[in-house]
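K.L.:
Here it is, the structure in full.
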Amino acid sequence: MANEWGPLQALVGEWQGEGGMDRSFSHSRGVVFDTPYLEKVTMKPFGPVDNGSQHLYGLDYKSAMWRESEDNPFHTEVGYWLWDAATGEILRGFVVPRGITVLAGGTAAADATSFRMRADVGGKNYVIGENTYLAAKASSISYEVTVTINGDDTWSYEETTMLRMAEFAEPLAHTDRNTLHRVS
Ligand code: HEM
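Read in UniProt numbering, the sequence shown has 16 at position 16, and its numbers run on one by one without any break.
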């Protein structure tokens with residue numbers, strides 16, 4: 001049977017990564033700060049979703065990140081990853097509960113082990129939406145993620161969100177990376 005999920009097939013499951021690293025501006029410290037984190041991700045397959053002649057297969061995902069000493073996650077995401085086998089388009093649509101939505105997209109081969117997705121505020125198809133406070137004070141002007149499937153039942157991501165922040169004259173690179181290993 002054909003693999004309808006293309007490069008997303010390898011991501012189905014439950015995952016955990018202890019070696020996450022975030023770089024962002026910390027309001028409480030007043031500096032750009034590196035925060036190590038623990039991450040848990042679930043990816044549940046679904047499909048097809050039919051838009052006329054388009055047939056998408058996807059993963060329903062949730063992720064959460066914790067600082068070492070804290071009970072509550074300091075970052076969470078809910079959303080979908082989507083794959084269109086006819087065009088090779090790969091999408092990740094998600095919400096960050098700061099009041100941000102992202103629809104990032106790119107292209108990949110069905111058997112790709114590395115792929116990239118990007119969104120820009122004001123972009124044509126792959127866009128970022130944000131609340132009015134963030135648009136004025138800490139606007140997410142672009143988002144780019146590279147995903148690598150490592151072949152040993154782990155996968156990794158590196159992502160950069162460029163922020164135009166009231167505190168800085170130049171855009172700040174807010175970065176996150178982690179490697180996730182399968183827990184079920
Ligand atoms: C693994 C993923 C991520 C983690 C762990 C993370 C974590 C953080 C942390 C720790 C801060 C600093 C908060 C503070 O101390 O003031 C922050 C700020 C921010 N993040 Fe993220 N972030 C992630 C992904 C994203 C993404 C994907 C976006 C948008 C596309 C985003 C948008 C923002 C914005 C706009 C701020 C600035 C808020 C402000 O300064 O008022 N983040 N993030």
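A virtual CB, placed ideally from N, CA and C, is assigned to each residue, including glycine. Only a predicted model underlies this, so the values are computations on that prediction, with no experimental measurement involved.
If you run the structure through DSSP and keep just helix, strand and coil, what is PRO7?
P.N.:
Within the sequence shown, residue 7 is the residue found at index 7, counting from 1. Looking at PRO7 - three-state DSSP - the assignment turns out to be helix.
K.L.:
With a threshold of 16 other CB atoms inside 10 Å of the CB of ARG182, please say whether the residue is buried or exposed.
P.N.:
Taking the first residue of the sequence shown as 1, we reach residue 182 at position 182. That one is exposed.
K.L.:
Thinking just about the alpha-carbon of each residue, which of GLU167, ASP176 and LEU180 is nearest to the one in ARG29?
P.N.:
For the purposes of this step, residue 29 is taken as residue 29 along the sequence shown, with counting starting at 1. Closest by alpha carbon: GLU167.
K.L.:
Measure from the alpha carbon of TYR126 to the alpha carbon of each residue in ASP111, SER114 and VAL145, then state which is nearest.
P.N.:
Residue numbering aside, residue 126 sits at position 126 when the sequence shown is read from its first letter. Checked all of ASP111, SER114 and VAL145; the closest Cα to TYR126 is VAL145.
K.L.:
Under 8 Å: does the beta carbon of HIS181 sit that close to some heavy atom of ligand 1?
P.N.:
By one-based count along the sequence shown, residue 181 stands at place 181. Incorrect: HIS181 has no Cβ contact closer than 8 Å to ligand 1.
K.L.:
Using 10 angstroms around the beta-carbon of MET43, count the other beta-carbons present and answer buried if the total reaches 16, otherwise exposed.
P.N.:
The sequence position of residue 43 within the sequence shown is 43, counting from 1. Burial call: buried.
K.L.:
If you draw a straight line from the C-alpha of TYR61 to the C-alpha of GLU170, how long is it?
P.N.:
As a position in the sequence shown, residue 61 is number 61, starting the count at 1. As a position in the sequence shown, residue 170 is number 170, starting the count at 1. Looking at the two C-alpha atoms, the distance is approximately 33 Å.
K.L.:
Pull up the CB-CB distance for GLY17 and LEU180, whole angstroms please, since I reckon it's below 8 Å.
P.N.:
To locate residue 17, count along the sequence shown from 1; it is residue 17. To locate residue 180, count along the sequence shown from 1; it is residue 180. Sure, about 4 Å apart at Cβ, within 8 Å.
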